[in-house]
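Chains as they are written, first to last, in the working numbering: chain A, 1 to 443; chain B, 1001 to 1443.
All residues carry an ideal CB built from backbone N, CA and C; glycine is no exception.
None of these values were measured; they are calculated from a predicted model.
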């Protein structure tokens, strides 16, 4: 018998490998950070033994979800201002609140709250763009979450950096500081084409290339953004501008991509660039419905993200999956598009692929890091069970996640967070939110 | 001091009255089935005393949600067959499963499961259409839920009734049997214009009129339904046919209404007829997006429903609210439509109004029946709190409901159901679902 550190025993295992293996009663063996074996319960437990056994009969065991686009500290602004025109929302609420309140502590505490929420709803990896991202990384590290983070880069000063050059330096500092971390990795994140000069965009690209790390930005979120870019860049499509500045590659990740036409999609497919779909945010801000079915049939890797809490207003990837599946059915008048399997892939293995982490997480196969969530199926709204993928997309919500492992470590057990104290975090965020409320004169 | 049966003390109370009163720290006094007083904590507790006090600091207290359209026993078919063309879904899965499995016990157990799910996600009243509705009523009664139920009426035989006449007789039996029940009331429910002969439709109308109860049916769910009706009925709009057969009145409730044009909406407004919107089902089956903003500006009462579990796949009204708000924003390219307040009204007071129960439930005012839900706000994904309506629509999910009262009685406390044993129900439904799985050769 081989001694391992943990056995997850007896659950229905959704492996999310190429073959879409489903093991009705299986066991996973974990040694250190890694999955060492996955298979039928008897077969694995005849070979492996462990002092720690999580018995998970009546549970669904699957890869932790990958939230490919969020702004973690913005949990502070959850529900601050809703149902407003974009410019009213930004100019009268979000920007003033950010100018007045964003500092190191804000980014750290807001991210801790985001991590608490994400872990409790089954997300184990997130990709983040905000200000003071070193604090986001520290919070994720404290919570035990995996993340790809990057400081937002644009032409104007932020509460953290005064110039684009400082932003690039800060990013390079992050790259060095977190280079060998098992959980945190860095992404270079220019905010968007419309907020970054060409020189900033090119420097960002150079930095990403120098360290062979991904480059990510908001892209074609709104119709007016597309129209303005076509005008400003003097091209038929903004994507040919991306091509000109050498952005299109397998390490390029574009958030939103709502207003993409067939030619844009084809270029993303040709270069292997990645797209992150944020349906709930796009719906709530009335940005539009991204042409995701076309992206998928064109062979583009499409991942899923919640966007920040100011425009969603939660970080629940299960709800995001449900919305992703349903939105495109109604938009395309076709109930067969975005089937449940496809959507689960977007939130797991394809999410990992988008972040260039597909050799690390996204599937429960030997050699992968043990990022695993366990869903209690013994609930009225999850009864009966005919199809696991359907359940995950259309019936499960984040609160059904019972236990979470990240990098081989149990981070939440029976809905209790083991790495951070959620009540402390809630109290601290509430305190600051009172000040935000007063400052913005919200009654 | 006046002795009452229960005080709900210290929560943030969303009254849902005409003034949209919000009491930041309030108390509700309940005597028997009724709310007798609502106001600031100190004021109420200086006047009223009770042996039972529910202390609900850090909680949101609001009217129980009203799910205005479902098919409760169809919980049995949750996730049975998804992502399929409508006719494939109906002919190869739903109809064969119904023909083989629907009987009294099926309707009773499926409804018990539905009640468990609904109570646990904050629904206190539901409107149901299915087969063997007496069993649905018994299940609701056992669970302690309020409901408006009606046997589905159409031209062909059902597992319960062989002819339309038998269906009408069964409905009249229900009306008599449940006439004085505090929780159960009846609605006459012809299935739709395309499944009912004119004579059945007219008899149904007579029956509803004889007892002054509502008349409800599916209406304009799909585009092809509209086109076929225009052809068959030889009119510009199906709604003028409804007018001809005298259906339009304040007691007429139409489910779905996806394919309504302005003239249909205006007729509903003129007659005070009600509409029930089911966005998640309409999206999942790719039926379309009902013109709800137009309905609302025209003054039609629009309520919310989940539809059955085979086409959603849950009965969570919080998710339905979230989807309702977001769907219309993206469809209308306008983030200001379907604001959170409007959507919360649809799920509470306007739902009650649609079911002609607005003198009974839907708001927390003195004289109303005490149908109340208590939401624990002390959670990461509900922190911070700026706006209660936004939270309910965009952040809360069904699992955040802690405690539920219906008709003055505590039905769920700290997420434990007090009227029914959910584990027993889950086990029984699982057993039958194994047979359904085998019979339909689902692997």
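So residue i packs on residue j, CB below 8 Å; how close in whole Å?
i              : j              : result
residue 190/A  : residue 130/A  : The Cβ separation is near 14 Å, so there is no contact.
residue 126/A  : residue 109/A  : Going by Cβ atoms, the distance from residue 126/A to residue 109/A rounds to 16 Å, so no, they are not a contact pair.
residue 128/A  : residue 70/A   : 6 Å
residue 1220/B : residue 1260/B : 6 Å
residue 1063/B : residue 1248/B : Contact doesn't hold; Cβ gap of about 28 Å is too wide.
residue 1178/B : residue 1137/B : 6 Å
residue 37/A   : residue 366/A  : 6 Å
residue 1040/B : residue 1025/B : 7 Å
Going by beta carbon distance, what residues of the same chain come within less than 7 Å of residue i, once the five residues before and after it are set aside?
i              : result
residue 300/A  : 265, 268, 269 and 275
residue 1302/B : 1275, 1277, 1292, 1295, 1296, 1346 and 1350
residue 1444/B : Not covered by the structure: residue 1444/B. The range shown for chain B is 1001 to 1443.
residue 93/A   : 80, 81 and 440
residue 1354/B : 1068, 1253, 1274, 1276, 1301 and 1303
residue 382/A  : 391, 395, 396 and 400
residue 1235/B : 1241
Tell me where the alpha helix (DSSP H) around residue i begins and ends.
i              : result
residue 156/A  : That residue, residue 156/A, is in no alpha helix (DSSP H); it is neither H nor E in DSSP.
residue 356/A  : Neither: residue 356/A is in no alpha helix (DSSP H) and is coded neither H nor E.
residue 1344/B : 1340–1347
residue 46/A   : 41–47
residue 1239/B : 1238–1244
residue 1115/B : 1104–1120
residue 277/A  : Residue 277/A -> not in any alpha helix (DSSP H); beta strand (DSSP E) instead, spanning 274–277.
residue 1055/B : Residue 1055/B -> not in any alpha helix (DSSP H); beta strand (DSSP E) instead, spanning 1053–1055.
residue 1271/B : 1262–1271
How far does the beta strand (DSSP E) with residue i in it extend, from its first residue to its last?
i              : result
residue 1025/B : 1022–1031
residue 1067/B : 1065–1070
residue 185/A  : 184–186
residue 180/A  : Looking at the DSSP string, residue 180/A is not in any beta strand (DSSP E), and its letter there is neither H nor E.
residue 1310/B : Premise fails: residue 1310/B is in no beta strand (DSSP E) and is neither H nor E.
residue 376/A  : 372–376
residue 1128/B : 1123–1130
residue 1256/B : 1252–1256
residue 1012/B : 1006–1014
residue 413/A  : 409–413
Looking only at its own chain, which residues have a Cβ that is under 6 Å from the Cβ of residue i, when we skip the five neighbours before and after it?
i              : result
residue 1444/B : Past the edges of chain B, shown from 1001 to 1443, lies residue 1444/B, and the structure says nothing about it.
residue 31/A   : 4 and 5
residue 1325/B : 1338, 1343 and 1393
residue 160/A  : 131 and 132
residue 237/A  : 263 and 264
residue 1104/B : 1132 and 1135
residue 1413/B : 1403
Here's a check: name, in chain order, each residue in its chain whose Cβ is nearer than 8 Å to the Cβ of residue i, leaving out the five neighbours to either side.
i              : result
residue 22/A   : 12, 13, 14, 15 and 388
residue 289/A  : 258, 279, 282, 283, 327, 328 and 331
residue 431/A  : none
residue 306/A  : 67, 69, 70, 278, 280, 281, 312, 314, 315, 316, 317 and 320
residue 1078/B : 1309, 1310, 1313 and 1314
Taking Cβ-Cβ distances shorter than 8 Å, what residues in chain E pair up with residue i?
i              : result
residue 1334/B : Given the protein chain composition of this structure (A and B), no chain E is represented.
For residue i, is the beta carbon positioned less than 8 Å from some heavy atom of the ligand GDP?
i             : result
residue 227/A : Of the ligands one can find in the structure shown there are none, so the ligand GDP has no counterpart to examine.
Exercise. With 9 Å as the limit, tell me which residues of the stretch 1285–1306 of chain B have their beta carbon closer than that to any beta carbon of chain A; keep them in chain order.
Key: Result list: 1285, 1286, 1287, 1288 and 1289.
Quiz prompt | Residues of the stretch 1312–1329 of chain B with Cβ closer than 8 Å to any Cβ of chain A, in chain order | solution = Within the stretch 1312–1329 of chain B, the qualifying residues are 1312, 1313, 1314, 1315, 1316, 1319, 1322, 1323, 1325, 1326, 1327 and 1329.
Practice problem: Taking 8 Å as the threshold, find out whether the stretch 424–443 of chain A comes into contact with the stretch 1009–1018 of chain B through three or more Cβ pairs. | Solution: Contact check between the stretch 424–443 of chain A and the stretch 1009–1018 of chain B: fewer than three CB pairs, one atom from each, fall below 8 Å, which does not count as touching.
Quiz item: Between the stretch 1332–1346 of chain B and the stretch 1370–1385 of chain B, do three or more beta carbon pairs fall short of 8 Å?
Solution: The stretch 1370–1385 of chain B and the stretch 1332–1346 of chain B do not touch, with fewer than three beta-carbon pairs separated by less than 8 Å.
Quiz item: Three or more beta-carbon pairs under 8 Å between the stretch 1084–1099 of chain B and the stretch 1110–1119 of chain B, yes or no?
Solution: No, they do not touch.
Quiz item: Between the stretch 1374–1390 of chain B and the stretch 1052–1065 of chain B, do three or more beta carbon pairs fall short of 8 Å?
Solution: The stretch 1374–1390 of chain B is in contact with the stretch 1052–1065 of chain B.
Quiz item: At a Cβ cut of 9 Å, what residues of the stretch 1038–1068 of chain B count as close to chain A, listed as they run along the chain?
Solution: Cβ contacts with chain A: none found.
Exercise. Mind checking the stretch 1273–1284 of chain B against chain A and listing, in chain order, the residues whose C-beta falls within less than 8 Å of any C-beta there?
Key: Those residues of the stretch 1273–1284 of chain B that come within reach of chain A (Cβ to Cβ, closer than 8 Å) are 1280, 1282, 1283 and 1284.
Quiz item: Counting Cβ pairs, one atom from each stretch, are 3 or more of them under 8 Å apart for the stretch 1192–1212 of chain B and the stretch 1230–1250 of chain B?
Solution: Taking one beta carbon from each stretch, the stretch 1192–1212 of chain B and the stretch 1230–1250 of chain B have 3 or more pairs nearer than 8 Å; the two touch.
Quiz item: Okay, do the stretch 391–404 of chain A and the stretch 310–323 of chain A touch, 3+ Cβ pairs below 8 Å being the bar?
Solution: Contact holds: three or more Cβ-Cβ distances are below 8 Å.
Practice problem: Give, in chain order, every residue of the stretch 1334–1363 of chain B whose Cβ lies closer than 7 Å to some Cβ of chain A. | Solution: Closer than 7 Å at the C-beta level to chain A, one finds these residues of the stretch 1334–1363 of chain B: 1334, 1335, 1336, 1339 and 1340.
Practice problem: Decide if the stretch 201–210 of chain A is in contact with the stretch 220–231 of chain A; the criterion is three or more beta carbon pairs, one per stretch, under 8 Å apart. | Solution: Between the stretch 201–210 of chain A and the stretch 220–231 of chain A, the count of C-beta pairs closer than 8 Å stays below three; the two stretches do not touch.
Self-check item: chain A contacts from the stretch 1143–1175 of chain B (Cβ-Cβ distance under 7 Å)
Solution: Those residues of the stretch 1143–1175 of chain B placed with their C-beta closer than 7 Å to a C-beta in chain A do not exist.
Practice problem: Would you list, in chain order, the members of the stretch 93–109 of chain A that have their beta-carbon closer than 9 Å to a beta-carbon of chain B? | Solution: Residues of the stretch 93–109 of chain A with a Cβ closer than 9 Å to any Cβ of chain B: none.
Quiz item: Taking a cut of 8 Å between CB atoms, which residues from the stretch 119–132 of chain A lie near chain B?
Solution: Listed by position, the residues of the stretch 119–132 of chain A near chain B (Cβ gap below 8 Å) are 120 and 121.
Self-check item: Where the stretch 1223–1242 of chain B meets chain A: residues whose CB sits under 7 Å from a CB there
Solution: When C-beta distances to chain A are compared with 7 Å, every residue of the stretch 1223–1242 of chain B stays at or above that value.
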